[in-house]
Amino acid sequence: MVAWVPLRVDWDRQPVSVHADEPEILERLVLYLRTHHMVKKRSLVMPDREAGGFLFFIYQVCDPRWIISFLESDSGGAANG
134 MVAWVPLRVD
144 WDRQPVSVHA
154 DEPEILERLV
164 LYLRTHHMVK
174 KRSLVMPDRE
184 AGGFLFFIYQ
194 VCDPRWIISF
204 LESDSGGAAN
214 G
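Here is the structure:
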């Protein structure tokens with residue numbers, strides 16, 4: 134069972150942006166992408182001044198399945214937050 138995690142990815146922009154209400158979930162996603170998929174070209178997690186919450190940008194290829202895998206893992210579960 135996957136816990137609901139409020140996470141939004143804007144695939145239509147360059148660079149891709151990842152948004153969440155809490156910075157901790159984004160920090161866990163950054164760590165997951167780096168350790169499991171070698172995603173290193175990204176911004177720091179920062180406040181989202183347009184929509185509220187927090188965001189970071191990914192400056193390299195990121196397969197959408199990697200984010201789904203994170204959400205299905207223990208790292209992405211709401212119980213860890």
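In this note's numbering, the protein residues as written are 134 to 214.
For every residue, glycine included, the Cβ atom is placed at its ideal position computed from N, Cα and C.
For residue i, name the three-state secondary structure that DSSP assigns.
i    : result
V149 : strand
P156 : helix
P215 : Since the first and last residues shown for the chain are 134 and 214, residue 215 lies out of range.
D207 : helix
Across which residues does DSSP place residue i in a beta bridge pair?
i    : result
R167 : DSSP, once it has assigned bridges, lists no residue as partnering R167.
R175 : I191
L140 : A153
Give every residue of the same chain whose Cβ lies closer than 7 Å to the Cβ of residue i, excluding the five residues on either side of it in the sequence, and list them in chain order.
i    : result
R175 : V163, F189, F190, I191 and Y192
V142 : V149, V151 and I200
Could you check whether the Cβ of residue i sits closer than 7 Å to any heavy atom belonging to the ligand GTP?
i    : result
P180 : No copy of the ligand GTP occurs in the structure displayed, which carries no ligand at all.
Leaving out five residues before and five after residue i in sequence, what residues of the same chain have Cβ atoms less than 8 Å from its Cβ?
i    : result
Q147 : none
Taking the alpha carbon of residue i as the point to measure from, which residue in the options has its own alpha carbon closest?
i    : options             : result
R182 : P139, D145 and A153 : A153
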